[in-house]
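Peer 1: In this note's numbering, the protein residues as written are 6 to 398.
Don't be surprised by glycine CBs; every beta carbon is placed ideally from N, CA and C.
This structure is a prediction, so every number in the text was calculated from the model and none was measured.
Please see the structure below; I have some questions.
See the structure below:
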């Protein structure tokens, strides 16, 4: 991305793109303007009609003799080229080869007025055909968005075809006038096309950079939100996240009239564990306890979180008493199964936990009532010997 930023900030006559980005730019251009041609082809038809009518209206006196048969066949030929090109663009095969198709159609469409500019023996008509040539080049380069190189090749092919036919027919040509009007218009339009394509390349790069910056900003916001909601030690949601979830689920439970259960647990004699084995061992113990709690919580809607210190909570939406007691029993068994040695415990030789359970259907109270009920049950479990589950009243 730094390289793309340097390209955008550089004040160059051209805007070269790295290979992968150049491919993306070409594909973007192709997709955009295939769609534009398919939608805007009536404007091309209208333009052809205006050109067709302008001949008899503006050049009635000049379109006589051997010049008269040239105008309408030219208009018909241009119309057939436009119709065939638009028709082919409805097929995916030609959509993928948009540039090549426009080059062929453009060379043919451009060769017809160039041939007229060469063959007309009337200076005014020759200039008119040159202006039509300029219009076609403008459409190819500025509207249909041929790349600069392809536009130059298309113009060169058209010139070679027109001059070859003219020379083959032995027509006398004012080459100086042709060069001034036709060749000069090609160069001017190609220059304008180069300036516009450069700006399009810069705009495309800027859009890529904006998308990248937007995606990066969104990623950082998600990361910050995750950090703000996660306990850094255990990886479980933190108390702030739990409080938000509790409020949300409490309100939802109040609407649905379905019970909401809360498990409030505390690691037994954890201060003694820290005093005897050190705080590093204490941190490792809490991480293990968090893993055991996480393994016992089965449903995606259930939330296990670290409440603070050695206290943990599990929020169980739409859970009856039996379901809440089952989860609490699984948590207790998972902690016991780890058998983390606890040399200072008064209830067992390994780390244990006490759990208070509360189950309620909200009836207009605040969610803190559920927390208080589970905390009271936990206090009762600790007071009655620890290492047990107590259901709150």
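Would you kindly work out how many angstroms separate the C-alpha atoms of residue 320 and residue 267, rounded to a whole number?
Peer 2: If you take the alpha carbons of residue 320 and residue 267, they lie about 5 Å apart.
Peer 1: Are the region 238-253 and the region 369-382 touching, with three or more C-beta to C-beta distances below 8 Å?
Peer 2: These segments touch.
Peer 1: Return helix, strand or coil for residue 217, following the three-state DSSP convention.
Peer 2: Correct three-state label for residue 217: helix.
Peer 1: By DSSP, does residue 398 sit in helix, in strand, or in coil?
Peer 2: Coil at residue 398, not helix or strand.
Peer 1: Answer with buried or exposed for residue 104, where buried requires no fewer than 16 other C-beta atoms within 10 angstroms of its C-beta.
Peer 2: Buried.
Peer 1: In whole angstroms, what separates the C-alpha of residue 333 from that of residue 282?
Peer 2: For residue 333 and residue 282, the distance between alpha carbons rounds to 27 Å.
Peer 1: If contact is defined by three or more beta carbon pairs under 8 Å, each pair taking one atom from either stretch, is the region 326-345 in contact with the region 295-303?
Peer 2: Yes, they touch.
Peer 1: Would you call residue 209 buried or exposed, if buried means 16 or more other Cβ atoms sit within 10 Å of its Cβ?
Peer 2: Under this definition residue 209 is a buried residue.
Peer 1: In this structure, what does DSSP give as the bridge partners for residue 364?
Peer 2: Beta-bridge pairing links residue 364 to 266.
Peer 1: What are the partner residues of residue 271, as DSSP defines its beta bridges?
Peer 2: Bridge partners of residue 271: 316, 359.
Peer 1: Would you report the Cα separation of residue 205 and residue 192, rounded to the nearest angstrom?
Peer 2: So the two alpha carbons sit approximately 20 Å from each other.
Peer 1: For residue 242, which three-state DSSP category applies?
Peer 2: Three-state DSSP puts residue 242 in a strand.
Peer 1: Please classify residue 311 as buried or exposed, where buried requires at least 16 neighbouring CB atoms within 10 angstroms.
Peer 2: Under this definition residue 311 is a buried residue.
Peer 1: Using DSSP with H/G/I as helix, E/B as strand and the rest coil, what is residue 69?
Peer 2: The pLDDT assigned to residue 69 is 47, lower than 50, so where the model puts this residue is not dependable, and the model offers no usable value.
Peer 1: Can you tell me the Cα-Cα spacing of residue 325 and residue 264, whole angstroms?
Peer 2: In a straight line, the C-alpha of residue 325 is about 6 Å away from that of residue 264.
Peer 1: As a quick exercise: from 323, 215, 273, 381, pick the residue whose alpha carbon is nearest that of residue 253.
Peer 2: If we check each option's Cα against that of residue 253, 323 comes out closest.
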